[in-house]
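Numbering (the UniProt record's numbering), first residue to last: 1 to 1131.
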C-alpha cells in the first residue's frame, strides 16, 4: 500500500497520528528549558592565583611560569594563554574540541598541586582556583543594593552572611557572589614613631598576633579511667583583646599592641567603589545551574527580592543586568517572526487558491509540524533559545511548501472531474516523488551543518536540527494529513483554478456582501494570473529557442556578482551584533591614577548620564576588573551599567551609544580634546556642564557599547582582528605595536586599532643594599615583608563573632604611607640571628631574634633603622600587565573590522605586518580568534561543497541519471546574484548567519527546478511528449505551485529579514540572503533550467544516457498522429 492509499483509506489512523503529534508537542512545550543560547561546554580551563599587590613582573616569574609549566604537561591543549596582573595571574588552557573537559580539569588540578612547592611560601599567596569555562557563569541577574538606614559595612555583612544564602536557595540558582561595599575587619594601625621608640617593626606585631590567636590541640591527659583532650583556646573575642596583646617587654614592662598601634573594629581600606544612581551600594551576581530554566531562575530571584523588600523596607534593589530581558526580547521577537511569517504564508496560499477550506488544510500542517518539532527538541534535550526558535521561524516558510504542492495537484485532479478520494490519492501519488526529492534536498543541506567543529558547530547544530525535524515532519503531514483532509473536505465545487469558473470561494456562511467582493477579487486575480501564465509561456518558448542569449545573460549576471564580491561590495563580519536596552560604558584613566581620582571622573560621567531622560538607572563600579577567578583591583578603571527605559532598544539604543561615545570620548579609543564635539543646540548652562565634563575626561579612554551576550559568545568576545607580537621584552613589544598601528589604521575596513595593554605604570623601586642588610641580619625578603605590611597590609590572623570570620589586618594608617618620605622613614628591626631560621616569606615571617624580642627582653639592645639606611628608593616604570601565549610574552593589536571584507582586510594586514621591521627574536602572527574564525568559514565552505555533492548524489539516484541533477543544480549559482544584491541594498554584512542562509539556499533553490524537471520527465515517459513539448507543458503547469511555495517561503522569511524587533537582529542577514537568493534563483531557473534541459536532451543525453523505451503513437489510416501535440507545446 502506497502512502497515498494509506492516507485516503486509513483516515482515522492518519487523524490519530496527527493528533498524537499535536498532543505530544503541547506536552513538551512547558517542559522545555528556556535559555539564550544552546547548552554547551567550551573546552577551556582557567587557573587563577591571587597574590597581594605583587607586581606583574614578579607574578610572572614566581607564579605564572610554574603554573604554565604544570598546565602544559596536560595533553590535548590547543593553546595556552596567561596574563600577569598586579596581584593576580590567570592561566587559560584551551583544549581541542572533543576533549573531555572534566578529565582535563582534573589533570590540571593534579599538575598544579604538584607544582605547589615551586610557588612562593607566603601567606599572602592564595590557593590556585581551577575553573572550567561555563557559559552560565555570566550572571542571570546582577543587582546593585542600597540602604540609607544601614552603614555600608553592615549591608555587606547582611548579604554576605545571610541574604546571599537565601538567594542561593532559589530553585535553579548556581552561585551568588557579593562584592563591593566595605568589608569589616579589626584594623591594627601601627604608629611608626612609637615602633621606633620601642625598637619594633610591623612584623613584630604580625608575628605576635598570629601566635596569640590560637585554638589548637595541645595533647592528651589521662586521669584515672578517663582520658581528656587538651585544647589551647586563646581566640580573640573582640578588638580590645587584640589591643591588650603583649608585643614585647621593655625594661621589665610589657609593651601592648595598644601602645604602638591604634586598634579599631572598622573596615578594610576601600580600594573600589560601587554605586547605584549616585548612592553607595553593594553588588550581587547570581548565576544559574547548568540546564536550568533561566526565565524561571530570574522570576525566582525577583520573587525573593520582593520578599526582602517587605522584610527590609529601606532597601532598594537596582537591576544592573538581567538575562531574562535578553531572552524575552529575543524569544518574543522570534515568536512574533514565526507567527507573522505563518500568517503571510497562509495569506499567500489563500490568494492563489481563493478557498478557505483548502487554505485551512494547508494551514493545519503548520501547527502540526511545529508542535512535532517541539516534542523532538524535548526528546533530544534541547532548549528554547534563539538558535532553535530561529530555526523554527525559518522553517515556517518551508513547512508549508510540501502541503502547497500536494493541495495544488489535488485541485487539478478535482478540476478534471475526479472524485475527491481518487483525486487525493492520485494527485499525492503523482507528486510524491518530486515532493520527497525536494524535501530531502533541504534536509541534506542541513545534515552537514551538524558536523561543523568547534564552538560555532555547537551553537548552530541545534539550529540545523530543528529545521531538519520540522521539514521532515512537514513531509509526513503533507503526504498523509493533507490528502486525508482533502478527501472529505474538498469537492469539484470548492476548487477554483485559472481554467475554472467556480464561485471563487468555499461554500459556507460568509456574509453575502463579503462573498461578492471576494468573488470579484478572485476573478480579478485569476485574470492577472492567466496573463502571467500566458506571458511566461511565451517567454519560455522564446528562451528555449534562443539558448545563447539566455545562458549568456545568466552567466554575465553570475560573473558580475562574483566581481562585486571581489571588489568588496559586500562587507563581512563574524556574527551580527544585536542591541538591547542595557549599555556598558567603561572609563580608563591614565596608568597610575589613584582610585580616588578615577572615582571623581566616574562621578561626573554618572551625573551627566543620570540627567538623560532615556536613562532609568546607572550602576557603576570603580577600581575593580572582573575575570576568571574573581576580581582584581585596577585603580584606573571604572565600569558603568546603564539601563535604558523599556522600549529603547535596537536602533534607538545604538543611537544612544553613538551619541554618548561622542560626548564623552570623541572616539572609542582615545579621550579627545576638552572642547571637541560640543553639541550646537544646547543651552549655555548645558554647554558649561559639557565642557567641564570634557575637561575632566582629558586623557581618559572611553568605551561605550550595547551588552551583546550572543555576539560575545559566538565571536569569542569581539569582531576585532587580533594581531599578536611575540618577543622577550614587554616594553619593546608595546613600542613595536604602537609603531605598527598607524599603518594598520590606514587599511580600509579597520577602525581605530589599539593594543590590549596600556603603557607602563609608575612604580617605586626599592633597591636593597645586601651588604648593609646582611650586617643587620636581614634579607631582602624580610625588608619586603615589612614594606608590604606597612603599605598594603598583612592579615595577621582572624577573629570570629556570631559564626562569621573577619580578618585582623596590620597596616600603617593612611597619613603615614602617602609619601616617599614616609616610606624612607619606615622602621626595620635588625636581627642578630641567621635568617634561615625565619618562618619563610609571608605575613607571618620573621626571624628568631624578632620572635625573641616579641616575647621578652633580648640579650642585646637592637634599635630599628629606617628603610633609607638599608635601601635606595627610586621612581621607575613597570608593565601594567604581561600577556603570554604558549609561554612567550606577547602584545596584541586589536583591529575592529567595520565595513570591510574579512578576506581582503586580512590580506592587507598580512602585507603590512610582513613589511614591518621586527628586531631579531621578535615575530608576529594572528590570534586564536582569527584562526578559529577562518577555520569556521573554511568548515562552512566544505559543508556547502559537501551539501552540493550530497544533493547531486541524491538527485542522481532519484532520477537514475547523471545529467538531470546537473541541470537542476544550475539554479544554485543564480542564488549568488540575489545574495550579493540583497546584502548590498540592505547594507548588511556577510557573516555566519548569512553563510547559513546561503547554505539553506542550496537546498531551496533546487526545489523549484525539481518540480519542473521531474514533471517534464514524467510527461516524456508517460505521455510520449518530446522534450520541448514536455517543457512547454510542465513549465506553465508548475508555475502556480512554484510561485505559491516561493512566495510562501518569502512571506515566512520577510519578518526575519526586516529584523524590526530587538533580539531579532542576529537572524536578519540570514533572512535577507534567503529572500534575495530565492527571488533570483526562482526567476532565472524558470527560464534557464528549461533551456539547459532542452540543450542536454537534444545534444548530450542521446550520447551518454541510455535510450528510453521506444514509444510509438497510434496513427490514423492517413498516417497522421492520432494524438495532436498538447496546446502547451505551441510557443
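Using N, Cα and C, we set each Cβ at its ideal position, and we do this for glycine too.
Using the DSSP secondary-structure output, state which residues sit across from residue 216 in a beta bridge.
Reading the chain shown from its first residue, position 216 is the one you call residue 216. Answer by DSSP bridge pairing, in chain order: 232.
Could you have a look at residue 760 and say whether DSSP puts it in helix, strand or coil?
Locating residue 760 in the chain shown gives position 760, where the first residue counts as 1. Residue 760: coil per DSSP, three-state reduction.
Is residue 140 near residue 297, with beta carbons less than 8 Å apart?
Counting from 1 along the chain shown, the entry for residue 140 is found at position 140. Counting from 1 along the chain shown, the entry for residue 297 is found at position 297. Against a cut-off of 8 Å, the Cβ pair of residue 297 and residue 140 comes out as a contact.
Whose C-beta lies closer than 7 Å to the C-beta of residue 60 among residues of the same chain, with five residues either side of it excluded?
Stepping through the chain shown from its first residue, residue 60 is reached at position 60. If we look at residue 60 and ignore the five residues flanking it on each side, its Cβ neighbours are 84, 882.
Cβ of residue 450 within 8 Å of Cβ of residue 361?
In the chain shown, counting from the first residue as 1, residue 450 sits at position 450. In the chain shown, counting from the first residue as 1, residue 361 sits at position 361. No, these two residues do not count as a Cβ contact at 8 Å.
Using a Cβ-Cβ cut-off of 7 Å (strictly less than) and excluding sequence neighbours within five positions of residue 8, which residues of its own chain qualify?
On the chain shown, position 8 is the one that residue 8 refers to. Contacts found: 421, 424, 425, 483, 484, 487.
Could you check which residue in 402, 468, 427 has the C-alpha nearest to that of residue 1149?
Absent from the structure is residue 1149, since the part of the chain shown begins at 1 and ends at 1131.
Can you tell me where the alpha helix (DSSP H) with residue 864 in it begins and where it stops?
Here residue 864 refers to the residue found at position 864 when the chain shown is read from its first residue. No alpha helix (DSSP H) holds residue 864; DSSP gives it neither H nor E.
Which same chain residues, not among the five before or five after residue 36, have their C-beta less than 8 Å away from its C-beta?
For this step, residue 36 is matched to residue 36 along the chain shown. Cβ within range, chain order: 294, 323, 326, 327, 330, 385, 386, 709, 710.
Which residues in the same chain have their Cβ closer than 7 Å to the Cβ of residue 5, if we skip the five residues on either side of it in sequence?
Stepping through the chain shown from its first residue, residue 5 is reached at position 5. Only 425 meet the Cβ criterion.
Out of curiosity, what's the CA-to-CA distance linking residue 868 and residue 162?
For this step, residue 868 is matched to residue 868 along the chain shown. For this step, residue 162 is matched to residue 162 along the chain shown. Going from the Cα of residue 868 to the Cα of residue 162 covers about 48 Å.
Here's the rule: buried if 16 or more other CB atoms are within 10 angstroms of the residue's CB, otherwise exposed. What is residue 226?
Against the chain shown, residue 226 aligns to sequence position 226. It is exposed - the Cβ of residue 226 has fewer than 16 other Cβ atoms within 10 Å.
Could you check where the beta strand (DSSP E) with residue 190 kicks off and where it finishes?
For this step, residue 190 is matched to residue 190 along the chain shown. Residues 184 to 190.
Just to check my reading of the structure: residue 1031 and residue 1095 have Cβ atoms closer than 8 Å, yes? What is that Cβ distance to the nearest angstrom?
The residue you call residue 1031 lines up with position 1031 of the chain shown. The residue you call residue 1095 lines up with position 1095 of the chain shown. The distance from the Cβ of residue 1031 to that of residue 1095 is about 11 Å, inconsistent with a contact at the 8 Å cut-off.
Nearest CA to the CA of residue 380: which residue from 342, 522, 31?
Counting from one through the chain shown, the residue named residue 380 turns up at place 380. Considering only alpha carbons, the answer is 31.
When the distance is taken between beta carbons, is residue 893 closer than 8 Å to residue 741?
Translated into positions along the chain shown, residue 741 becomes position 741. Translated into positions along the chain shown, residue 893 becomes position 893. Yes, the pair counts as a contact, with Cβ atoms nearer than the cut-off.
Helix, strand or coil for residue 807 per DSSP?
Counted from its first residue, the chain shown places residue 807 at position 807. Note: residue 807 maps to strand in three-state DSSP.
Give the single residue among 783, 992, 525, 1059 whose Cα lies nearest to the Cα of residue 986.
For this step, residue 986 is matched to residue 986 along the chain shown. The shortest Cα separation from residue 986 among 783, 992, 525, 1059 belongs to 1059.
Report buried or exposed for residue 23, applying the criterion of at least 16 other Cβ atoms within 10 angstroms of its Cβ.
The residue you call residue 23 lines up with position 23 of the chain shown. That one is exposed.
May I ask you to verify whether the segment 268 to 284 touches the segment 645 to 653, counting CB pairs closer than 8 Å and requiring at least 3?
no
Within 8 Å, do at least three Cβ pairs link the segment 766 to 778 to the segment 901 to 913?
no
Give the secondary structure of residue 496 by DSSP, where H, G and I count as helix, E and B as strand, and everything else as coil.
On the chain shown, position 496 is the one that residue 496 refers to. Low confidence applies to residue 496: its pLDDT is 48, below 50, so where it sits in the model is not reliable, and the reading given next is rough at best. Residue 496: coil per DSSP, three-state reduction.
Could you check what DSSP says for residue 106 in three-state terms: helix, strand or coil?
Working through the chain shown from its first residue, we reach residue 106 at position 106. If DSSP states are grouped into helix, strand and coil, residue 106 belongs with the helices.
Report the partner residues of residue 80 according to the DSSP bridge assignment.
Here residue 80 corresponds to residue number 80 of the chain shown, with the count starting at 1. Residue 80 is bridged to 93.
Just tell me which of 542, 982, 354, 576 has its CA closest to the CA of residue 706.
Locating residue 706 in the chain shown gives position 706, where the first residue counts as 1. The shortest C-alpha separation from residue 706 is found at 576.
Are the beta-carbon atoms of residue 214 and residue 232 separated by less than 8 Å?
The sequence position of residue 214 within the chain shown is 214, counting from 1. The sequence position of residue 232 within the chain shown is 232, counting from 1. Yes; because the gap between Cβ atoms is below 8 Å, this pair is in contact.
May I ask you to report which of helix, strand or coil DSSP gives residue 921?
By 1-based counting over the chain shown, the position of residue 921 is 921. Residue state, collapsed to three classes: coil.
Between the alpha carbons of residue 695 and residue 150, how many angstroms are there, rounded?
Within the chain shown, numbered from 1, the residue matching residue 695 stands at position 695. Within the chain shown, numbered from 1, the residue matching residue 150 stands at position 150. Here the C-alpha atom of residue 695 lies approximately 36 Å from the C-alpha atom of residue 150.
Can the beta-carbon of residue 1090 be found closer than 8 Å to that of residue 404?
If you number the chain shown from 1, residue 1090 lands on position 1090. If you number the chain shown from 1, residue 404 lands on position 404. Not in contact: residue 1090 and residue 404 (Cβ atoms no closer than 8 Å).
Could you check if residue 885 is buried or exposed, using at least 16 other CB atoms within 10 Å of its CB as the buried criterion?
What you label residue 885 is simply residue 885 of the chain shown in a count that begins at 1. Buried, because 16 or more other Cβ atoms sit within 10 Å of the Cβ of residue 885.
In whole angstroms, what separates the C-alpha of residue 1057 from that of residue 1071?
As a working note, residue 1057 is residue 1057 in the chain shown. As a working note, residue 1071 is residue 1071 in the chain shown. Whole-angstrom Cα-Cα distance: 4 Å.
So, for residue 427: in the same chain, excluding its five sequence neighbours on each side, which residues have a beta-carbon less than 6 Å away from its beta-carbon?
Along the chain shown, one-based indexing puts residue 427 at 427. Answer for residue 427: 409, 410, 413, listed in chain order.
DSSP three-state call for residue 315: helix, strand or coil?
Mapped onto the chain shown, residue 315 falls at position 315. Of the three classes helix, strand and coil, the one that applies to residue 315 here is strand, per DSSP.
Exposed or buried, what is residue 416 when buried is set at 16 or more other beta-carbons lying within 10 Å of its beta-carbon?
Within the chain shown, residue 416 is the residue found at index 416, counting from 1. Residue 416 comes out exposed.
Within the present structure, is the beta-carbon of residue 517 separated from the nearest heavy atom of the ligand FMN by less than 7 Å?
Ligands are entirely absent from the displayed structure, and the ligand FMN is therefore not among its contents.
Over what stretch of residues does the alpha helix (DSSP H) that includes residue 599 continue unbroken?
On the chain shown, residue 599 is found 599 positions in, with the first residue counted as 1. It spans 595 to 610 - the alpha helix (DSSP H) in which residue 599 sits, taken as one unbroken run.
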